[in-house]
Amino acid sequence: MVAEELVAWDKKPAIPQVTFRSIVAGLTIGSLVLISNFQFGLQTGWVSMMSLPSALLGFAVFRSLSNNLGYPFTDVENVFVQSISVSVGTGPLCFSFVGIIPAIEKFLTPEETGLGHSITFSIKDLIVWSTGLGFFGIFFAIPLRKQVVVKEKLPFPSGSATATLISVLHNTEINEQVPSFTSGTFSGEHNQGVKYRQTRLTESNLNTEEYEPQSTNNNDPDNRISRTTSNLLESQSLIELKQSEIYSKNLKNLVFTFSISSLYTVFSYFVPVIRSLPIFGHNMSVNHLWNFQPSPAYVGQGIIMGLPTVSYMLFGAILGWGILAPMVQHFGWADGPIGDWKTGAQGWILWISLSVMVSDSIVSFLSIVIKTCVNYLKSKQNKKNEYDDATQGLIDYRQQRGISSDEDERNATYHGQNQENLSDAAEIQQEEEFSDVDAKFLVSNTVTVTGIIISSIVCVISIKYLFKDISVYPIFWSIVLAFFLSILAVRALGETDLNPVSGIGKLSQLFIALLVSKSHPSRILINLVAGGIAEAGAQQAGDLMQDLKTGHLIGASPKCQFYAQLIGTVWSVILSSIMYKVYNLVYNIPNDLFRIPTAIIWLDCARLVTGQGLPDHVFEFAVVMAIIFGVIAILKNTIPPSHKHYGKLIWLPSGVPVGIGLYNIPSFTLARFIGGLVAYFWLKRHQKEGENRKVDMIIFSSGLVLGEGLFGIVNMIMANIDVPHL
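Quick look at the structure:
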């Protein structure tokens with residue numbers, strides 16, 4: 001396999017990316033991810049971007065067709081493929097098909113709708129709903145890219161990992177500027193003092209060359225580049241071999257784990273008892289729902305989440321299902337069957353889960369807002385200091401060169417220390433530090449503003465079409481709220497790799513509850529719809545920014561990625577609506593297999609913030625838990641990494657994963673915990689082998705998730721045609 005010709009980073013955006021073949025590949029891969037996400041979203045509320053396996057599958061498709069391609073499949077085209085795939089695959093969460101839609105259809109009472117009857121959506125209604133929610137988040141992300149990706153260079157770990165994989169598969173370079181302001185090092189050109197890092201990523205190391213313009217007395221940069229090119233050519237055969245090995249290994253792992261998971265899925269249809277193994281005894285299984293599900297997919301999810309997160313989930317499961325649930329049954333506070341959402345212990349501990357997650361989300365939200373404001377003020381001050389340093393550096397340089405400032409400024413030969421000249425030079429240098437691709441490859445401000453206006457109008461029209469009794473007022477404020485929450489989501493995702501959409505949803509519900517009268521007959525329905533709007537904008541903006549980080553590192557055109565998101569969303573609007581109806585038709589959701597806990601969380605939160613009552617003794621426990629996890633959130637968000645006790649914070653459980661462990665039945669959490677242990681020992685064993693081992697691990701686990709998710713369709717078909725169980 002021939003390695004790609006090395007193309008300068010700033011020239012890559014001009015390479016063809018929006019091609020018919022890449023669109024078809026992206027939509028196909030994204031459809032597979034979407035089907036998989038529906039399976040796990042309806043079971044536990046978990047949805048994954050799957051950007052890494054999407055990039056690998058895209059490369060695998062075109063590599064297998066390499067002899068029949070009219071032109072090479074490039075790394076930037078690979079970015080386009082995975083961008084489409086991500087926008088398609090995350091549709092179930094973005095359009096609230098695993099939360100709000102089933103909450104309205106399945107659990108909202110006729111009185112709570114304000115209409116006197118239940119609400120059922122047709123496929124046309126679902127398409128209208130998805131169209132209303134699907135696009136404004138894309139336009140919200142565009143203005144944020146310059147700040148968080150180009151200037152601040154937030155890590156966006158998943159986006160960076162995807163860029164790593166793509167660069168390795170294509171044997172190309174990641175180029176990223178490194179700010180370097182050094183006073184007094186000017187050599188007469190405005191771009192001096194700015195370093196360009198060009199990184200070629202291989203299997204086990206990162207070989208980095210820094211190209212720093214030098215003065216005429218130092219080494220010629222052209223000679224340095226020539227030497228680097230020569231070295232690359234000399235080792236080209238080795239690089240091609242290594243590239244082939246990396247590709248083969250990752251694809252082999254993906255196929256192997258996919259096969260294992262798919263076989264388990266089909267086997268579980270014929271032997272359904274395997275989904276709930278009573279490893280703790282019959283009594284614990286029947287009366288407390290403590291079972292074990294040896295699901296490869298949930299083990300894979302645990303690998304992706306990591307040991308700390310799944311440990312917090314296990315803590316939540318033990319707290320909820322091992323302590324609180326038996327307690328409320330013993331005292332008769334929840335006398336229904338344990339798994340009943342209304343009268344059972346599961347419904348009771350759900351409120352505790354809600355209080356824990358809301359408390360954690362509010363504290364984390366306020367923390368990020370405060371940090372953002374502080375960082376903004378610091379960056380303004382730093383820019384002023386850098387401006388002063390750059391100006392002083394230019395003054396020193398001219399003094400060293402003997403340039404006089406005493407000459408009459410009216411002379412044509414005057415080159416003195418005119419303040420305007422100094423200002424221009426310093427501003428040019430600061431602009432160079434944050435240089436981006438050419439403007440023609442960026443989405444224009446006109447398109448951005450127009451898109452925000454049009455997509456917002458479409459949202460209002462769509463919601464009014466479906467819910468005629470909902471006024472424009474809460475819809476408008478939900479869109480405004482979505483914009484500000486998308487900033488929170490993007491920054492949280494960039495810094496932690498976690499998009500806090502669950503917490504964002506709760507915050508939006510709390511805000512909307514303040515705007516709608518508690519006497520309004522449709523207040524709960526309004527709260528759900530408004531929360532869905534806010535969550536959609538934040539979730540989509542975050543996902544797009546991960547892709548934009550990948551594209552920025554590789555050198556893809558942001559405008560092409562914008563097109564990819566639009567194309568993928570249009571396709572996802574249709575496919576998500578169809579798949580939701582298919583799952584409901586075949587499985588008659590909710591049931592023991594698809595409990596849709598996220599829908600209950602949304603609805604109970606709406607009931608809570610709109611003033612409905614709580615089950616017996618929930619309030620006292622909820623307040624205590626909210627205080628405890630609020631304090632933990634304060635500690636985790638305020639203690640700096642330099643503090644001597646910072647390392648001990650990992651032993652304090654975070655509210656959101658604890659809440660997830662509380663509302664999900666233990667069988668899912670136990671499988672995820674096993675996955676977390678696998679991830680821990682994997683990384684411990686390979687800790688000296690670099691970041692690429694994490695990429696290998698994620699691809700390995702993604703095969704487990706995809707196999708069970710896709711072959712769930714096989715089970716669905718067999719269930720529809722009444723294939724008997726063994």
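Using UniProt numbering, the letters of the sequence shown correspond one by one to residues 1 to 726.
Glycine included, each C-beta is placed from N, C-alpha and C at the ideal position.
Contact with chain B by residue i, beta-carbon distance below 9 Å
i, result
"Tyr-580", "In summary, chain B is missing from the structure at hand, where a single protein chain is found."
Reference residue i; option with closest CA among the options
i, options, result
"Trp-290", "His-686, Phe-668, Asp-696, Leu-442", "Phe-668"
"Ser-276", "Leu-593, Leu-56, Pro-640", "Leu-593"
"Tyr-312", "Ala-534, Gly-659, Lys-252", "Gly-659"
"Tyr-680", "Ala-103, Ile-600, Asn-715, Ile-698", "Ile-698"
"Ser-173", "Gly-114, Phe-107, Ser-118, Asp-75", "The sequence as given places Glu at residue 173; Ser does not occur at that position. Comparing Cα-Cα distances from Glu-173 to each of Gly-114, Phe-107, Ser-118, Asp-75, the minimum goes to Asp-75."
"Gly-58", "Ser-83, Leu-144, Ser-36, Gly-70", "Ser-83"
"Ser-51", "Phe-140, Cys-94, Ser-22, Ser-160", "Ser-160"
"Phe-121", "Phe-139, Phe-97, Leu-133", "Phe-97"
"Gly-339", "Cys-605, Leu-683, Tyr-663, Lys-694", "Tyr-663"
"Tyr-264", "Asp-722, Leu-710, Ile-721", "Leu-710"
"Glu-511", "Leu-493, Asn-499, Glu-535", "A small fix is needed here, since residue 511 is Phe in this sequence, not Glu. Minimum Cα distance to Phe-511 is reached at Glu-535."
"Ile-578", "Ser-444, Ile-29, Gly-336, Phe-95", "Phe-95"
"Ile-653", "Asp-360, Leu-154, Pro-724", "Just to set this straight, residue 653 is Pro in the shown sequence, not Ile. The shortest C-alpha separation from Pro-653 is found at Asp-360."
"Val-516", "Trp-477, Ser-118, His-170, Gly-630", "Trp-477"
"Ser-557", "Asn-445, Ala-14, Ala-8", "Ala-14"
"Ile-717", "Phe-619, Leu-251, Tyr-269", "Tyr-269"
"Val-480", "Ser-462, Ser-456, Ala-489", "Ser-456"
"Tyr-376", "Ala-564, Pro-92, Arg-491", "Arg-491"
"residue 727", "Gly-70, Leu-670, Ile-721", "Outside the shown range of the chain (1 to 726) lies residue 727, about which nothing can therefore be said."
"Leu-56", "Ile-567, Ser-248, Ile-123, Ala-141", "Ser-248"
"Ile-627", "Ser-36, Leu-548, Val-356, Asn-67", "Val-356"
"Glu-495", "Ala-622, Leu-154, Leu-485, His-645", "Leu-154"
"Phe-562", "Val-573, Gln-546, Trp-682", "Gln-546"
"Ser-22", "Trp-348, Leu-65, Asn-591", "Leu-65"
"Trp-682", "Ile-665, Phe-700, Pro-666", "Phe-700"
"His-725", "Lys-12, Val-273, Ser-486, Lys-11", "Val-273"
"Val-443", "Tyr-646, Phe-40, Ile-475, Ala-564", "Ala-564"
"Lys-151", "Leu-614, Val-573, Lys-549", "Lys-549"
"Glu-620", "Val-128, Ile-119, Trp-333", "Trp-333"
"Ser-36", "Pro-294, Pro-615, Val-714, Ile-123", "Val-714"
"Leu-485", "Asp-10, Lys-124, Val-255, Leu-144", "Leu-144"
"Val-128", "Ala-530, Ile-461, Ala-606", "Ile-461"
"Pro-615", "Ile-453, Ile-123, Trp-348, Leu-314", "Trp-348"
Residues bridged to residue i [DSSP beta-bridge criterion]
i, result
"Leu-277", "Phe-292"
Integer Cβ distance of residue i from residue j, believed to fall under 8 Å
i, j, result
"Ala-325", "His-288", "6 Å"
"Asp-497", "Pro-157", "4 Å"
"residue 748", "Val-705", "Past the boundaries of the shown model lies residue 748; the chain is included only from 1 to 726, so the question cannot be answered."
"Val-79", "Ile-29", "13 Å between Cβ atoms; not a contact."
"Leu-42", "Ser-576", "That belief does not hold up - the Cβ atoms of Leu-42 and Ser-576 are roughly 12 Å apart, past 8 Å."
"Ser-54", "Ser-87", "That pair is no contact at about 10 Å."
"Pro-296", "Ile-323", "At roughly 30 Å, the Cβ-Cβ gap does not stay under 8 Å, so Pro-296 and Ile-323 are not in contact."
"Pro-47", "Pro-16", "Checking the sequence, you will find Val at residue 47 rather than Pro. No, Val-47 and Pro-16 are not in contact; Cβ-Cβ is about 31 Å, not under 8 Å."
"Val-299", "Gly-630", "The Cβ separation is near 32 Å, so there is no contact."
"Thr-19", "Glu-77", "7 Å"
"Leu-27", "Trp-571", "5 Å"
"Leu-350", "Ala-60", "Contact doesn't hold; Cβ gap of about 42 Å is too wide."
"Ile-114", "Ser-522", "According to the sequence provided, residue 114 is Gly. The question's Ile does not apply to it. At roughly 3 Å, the Cβ-Cβ gap stays under 8 Å, so Gly-114 and Ser-522 are in contact."
Next item on the list: Within the stretch 293-332, note down every full alpha helix (DSSP H) run reaching 4 residues or more, in order along the chain.
Entry: 296-305, 307-317, 325-331, all fully within the stretch 293-332.
Checklist line | Stretch-stretch touch, CB-based, cutoff 8 Å, three pairs: the stretch 673-692 with the stretch 306-314 | finding: The stretch 673-692 makes contact with the stretch 306-314: 3 or more CB pairs, one atom from each, lie closer than 8 Å.
Check: Per the contact definition of three or more C-beta pairs closer than 8 Å, is the stretch 363-380 in contact with the stretch 625-637?
Finding: Yes: at least three Cβ pairs fall under 8 Å.
Checklist line | Segments of 4+ residues assigned as alpha helix (DSSP H) that fall wholly inside the stretch 430-499 | finding: At a cut-off of 4 residues, the continuous stretches assigned as alpha helix (DSSP H) that sit fully inside the stretch 430-499 are 445-466, 472-496.
Note to self: Closer than 8 Å is the cut-off here; do at least three beta carbon pairs connect the stretch 100-119 with the stretch 596-609?
What the structure shows: In short, these stretches touch, since the Cβ pair count reaches three.
Next item on the list: Flag this pair as touching only if the stretch 130-141 and the stretch 527-541 have three or more C-beta atom pairs under 8 Å; answer yes or no.
Entry: The stretch 130-141 makes contact with the stretch 527-541: 3 or more CB pairs, one atom from each, lie closer than 8 Å.
Notebook entry, point to check: Is there contact between the stretch 521-530 and the stretch 467-476, where contact requires at least three CB pairs shorter than 8 Å?
Noted result: At 8 Å Cβ cutoff, the stretches touch.
Next item on the list: Give, in chain order, every unbroken run of the alpha helix (DSSP H) that is at least 4 residues long and sits entirely within the stretch 566-625.
Entry: Those alpha helix (DSSP H) runs which fall completely within the stretch 566-625 and span 4+ residues are 597-609.
Next item on the list: Entirely within the stretch 640-677 and at least 4 residues each: give me those alpha helix (DSSP H) ranges in chain order.
Entry: Restricted to the stretch 640-677, the alpha helix (DSSP H) segments that are unbroken, complete and at least 4 residues in length are 655-663, listed in chain order.
Next item on the list: Ignoring anything shorter than 4 residues or poking outside the stretch 96-182, list the alpha helix (DSSP H) runs there in chain order.
Entry: Fully enclosed alpha helix (DSSP H) runs of no fewer than 4 residues occupy 110-113, 123-133, 136-145, 157-170 of the stretch 96-182, in order along the chain.
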